[in-house]
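Note that the UniProt record's numbering gives residue 18 to position 18 of the sequence shown, counting from 1, and the numbers run on in steps of one. Data block below; observations after.
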Amino acid sequence: LQKNKVKKAVKLFDMIETVDSLEIAREIDKRCAQIGKVMPVLVEINSGREEQKSGVFPEKTEQLVRDISSLPNIRVMGLMTMGPRFGNPEDSRPYFVETKKIFERIKKLNLPDIQMKYLSMGMTNSYKIALDEGANMVRIGSKIFGERDYGATAKALSP
């Protein structure tokens, strides 16, 4: 979630699943305070440590959750990772295992206003592995809606 989209997002959504920095969390908190809302969020982990992807690195997740716990208009409900995309879904397993360990460790801390209810991992190609490793929320868009046609999108956007 980009900072400039937060104002609109807090009005539209019942949960934001892509919080990856204290800066974004503070903006969500500020915007929710203005409309009297408490926003459930998932902290996004960049489990593959991929430069081109958003998300907090695994080793910084606990501190980010601790920092967010002090914000009155946000409730951390869990973690989200997509993991690196591989041809073989089995290659995603170590990233999901690591994310599950972080989830359980944070859950045991019993931090105030941190519920750790949802573990969102995997996408269409890796959701079965994610479920094996403890996910209770998955992202299976292309399995439902079909593959994206990026060429059609580009044509629709061109002048």
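Built from N, CA and C at the ideal position, the CB exists for glycine as well. These numbers were taken from a predicted model, which means no experiment stands behind them.
Problem set entry | Straight-line gap, Pro94 to Val10 (C-alpha atoms, nearest Å) | What you label residue 94 is simply residue 94 of the sequence shown in a count that begins at 1. What you label residue 10 is simply residue 10 of the sequence shown in a count that begins at 1. Looking at the two C-alpha atoms, the distance is approximately 33 Å.
Exercise. Could you check where the alpha helix (DSSP H) with Lys27 kicks off and where it finishes?
Worked result: By 1-based counting over the sequence shown, the position of residue 27 is 27. Before going further, note that residue 27 is Glu rather than Lys in the sequence given. Here the alpha helix (DSSP H) through Glu27 covers 22-35.
Problem set entry | the region 85-105 contacting the region 15-25, beta-carbon criterion three pairs below 8 Å | no
Exercise. Going by the beta-carbon positions, is the gap between Pro84 and Ile129 smaller than 7 Å?
Worked result: Here residue 84 corresponds to residue number 84 of the sequence shown, with the count starting at 1. Here residue 129 corresponds to residue number 129 of the sequence shown, with the count starting at 1. Not closer than 7 Å, so no.
Problem set entry | Selection from Val6, Asn125, Gly87 that minimises the alpha carbon distance to Ala33 | One-based indexing of the sequence shown puts residue 33 at position 33. Taking only the C-alpha atoms, the option nearest Ala33 is Val6.
Exercise. Under 7 Å between C-beta atoms, does Leu1 make it to chain B?
Worked result: Considering every chain present, this structure includes no chain B. It has just one protein chain.
Problem set entry | Where the beta strand (DSSP E) through Thr81 begins and ends | Residue numbering aside, residue 81 sits at position 81 when the sequence shown is read from its first letter. Element bounds for Thr81: 74-81.
For this session: Write down every uninterrupted run of the beta strand (DSSP E) in the region 97-127 whose length is 3 residues or greater and which is fully enclosed by it, in chain order.
Result: 114-121
Exercise. At what residues does the beta strand (DSSP E) containing Leu42 begin and finish?
Worked result: For the purposes of this step, residue 42 is taken as the residue at position 42 of the sequence shown. Per DSSP, Leu42 belongs to the beta strand (DSSP E) from 39-44.
Problem set entry | Nearest-angstrom Cα separation, counted from Lys60 out to Met121 | Along the sequence shown, read from residue 1 onward, the residue named residue 121 stands at position 121. Along the sequence shown, read from residue 1 onward, the residue named residue 60 stands at position 60. Rounded to the nearest angstrom, the two C-alpha atoms are 18 Å apart.
For this session: Go to Val56, then tell me how far its beta strand (DSSP E) extends in each direction, as first and last residue.
Result: Here residue 56 is taken as the residue at index 56 of the sequence shown, counted from 1. Neither: Val56 is in no beta strand (DSSP E) and is coded neither H nor E.
For this session: Can you grab the Cα-Cα spacing for the pair residue 160 / Leu111, in whole Å?
Result: No answer is possible for residue 160: the residues shown for the chain start at 1 and end at 159.
Exercise. What is the rounded straight-line gap between the Cα of Glu44 and the Cα of Leu109?
Worked result: Looking up residue 44 in the sequence shown gives position 44. Looking up residue 109 in the sequence shown gives position 109. Taking the straight line from one Cα to the other gives about 19 Å.
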